[in-house]
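Engineer:
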């Protein structure tokens, strides 16, 4: 029997001291052996709380943005499988075993969609925008998805090691879905619940929309 692949769970954090302990506790419940790695640009106690909980923390001071921080997290993770999450209690750590099982079944990338129905924790305007982006990914890029912006995915580390991507600007998760699928990596989408966030949203709707459209156009077929 093949050895169970090792796992890293990575998060980009910015002033998450109100939720970090809960999120780490949930991850430990469902993936007790996982490396938990943060790339942190906080001015509060997020980093020290995480370190005290046994997480690895890479400081990004001054902040350089979500994309560069996520790239550092993905490149620095040591697991055979890398799962991305947000640190605001919106994503269910309970989905980690399902993501791992699908990787073990042979997929290289498993994306956890929030949008098979409208989540209660997501404003309607955000839902409509995300629904539209997903339809554009199908039409423009030939990628069947319902959620190009989900913050919860499982990547085989060998995929990440082979993948070249542009981390600058917003909407990096779009590229991290479209590019591997177009390169014929094995891909699956699963459904997850999505919850109301803890803390203040860092979303920048106008900039996010512009960068999403740029990335979708970049991979237009």
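Residue numbers (the numbering used here): 109 to 329.
Glycine included, each C-beta is placed from N, C-alpha and C at the ideal position.
Just so you know, these numbers come straight off a predicted model, no measurement behind them.
Which of the three DSSP states, helix, strand or coil, is assigned to residue 169?
Structural biologist: The three-state secondary structure of residue 169, taken from DSSP, is coil.
Engineer: Please determine, among 207, 295 and 273, the residue with the shortest C-alpha to C-alpha distance to residue 117.
Structural biologist: 207
Engineer: Does the segment 319–328 come close enough to the segment 282–302 that 3 or more CB-CB pairs lie under 8 angstroms?
Structural biologist: yes
Engineer: Buried or exposed: where does residue 269 fall if 16 or more other Cβ atoms within 10 Å of its Cβ makes it buried?
Structural biologist: Taking all protein chains in view, the Cβ of residue 269 is surrounded by fewer than 16 other Cβ atoms within 10 Å, so the residue is classified as exposed.
Engineer: Between the C-alpha atoms of residue 199 and residue 191, what's the straight-line distance to the nearest angstrom?
Structural biologist: 12 angstroms
Engineer: Using the three-state DSSP reduction, which class does residue 323 fall into: helix, strand or coil?
Structural biologist: Residue state, collapsed to three classes: helix.
Engineer: Would the segment 174–193 count as touching the segment 113–129 if we require 3 or more Cβ pairs under 8 angstroms?
Structural biologist: Yes, the segment 174–193 is in contact with the segment 113–129.
Engineer: Looking at the unbroken alpha helix (DSSP H) that takes in residue 209, where does it start and where does it end?
Structural biologist: 204–212
Engineer: Restricting to Cα atoms, I'd like to know which of 261, 259, 249 and 315 is closest to residue 327.
Structural biologist: 249
Engineer: Suppose only complete runs of 4+ residues qualify. What are the alpha helix (DSSP H) ranges in the segment 214–274, listed by chain order?
Structural biologist: The qualifying runs are 232–249 and 265–270.
Engineer: Under 8 angstroms by Cβ, that's how I've got residue 219 and residue 274 pegged, so tell me the actual separation to the nearest angstrom.
Structural biologist: Approximately 19 angstroms separates the beta-carbon atoms of residue 219 and residue 274; this is outside 8 angstroms, ruling out the contact.
Engineer: Going by other Cβ atoms of all chains shown within 10 Å of its Cβ, with 16 needed for buried, is residue 241 buried or exposed?
Structural biologist: buried
Engineer: Would you give the residue range spanned by the beta strand (DSSP E) that residue 117 belongs to?
Structural biologist: 115–121
Engineer: Can you give me the Cβ contacts of residue 278 inside the same chain, cut-off strictly under 6 angstroms, excluding the 5 residues immediately before and after it?
Structural biologist: 315, 316 and 319
Engineer: Answer yes if the segment 224–232 comes into contact with the segment 146–164, meaning at least three C-beta pairs across the two stretches below 8 angstroms, and no otherwise.
Structural biologist: no
Engineer: For the beta strand (DSSP E) containing residue 295, list its first residue and its last residue.
Structural biologist: 295–299
Engineer: Given that a residue counts as buried once 16 or more other Cβ atoms are within 10 Å of its Cβ, and exposed if not, what is residue 111?
Structural biologist: exposed
Engineer: Report buried or exposed for residue 197, applying the criterion of at least 16 other Cβ atoms within 10 angstroms of its Cβ.
Structural biologist: buried
Engineer: Go through its chain and collect everything with a Cβ distance to residue 245's Cβ below 7 angstroms, but skip five positions before and after it.
Structural biologist: 251, 253, 256, 286 and 324
Engineer: To the nearest whole angstrom, what separates the beta carbons of residue 294 and residue 173, a pair I think is in contact under 8 angstroms?
Structural biologist: Actually they are not in contact, since the Cβ atoms of residue 294 and residue 173 sit about 30 angstroms apart, beyond 8 angstroms.
Engineer: Check the DSSP bridge columns for residue 143 and list the partner residues they point to.
Structural biologist: Bridge pairing for residue 143: 116 [DSSP].
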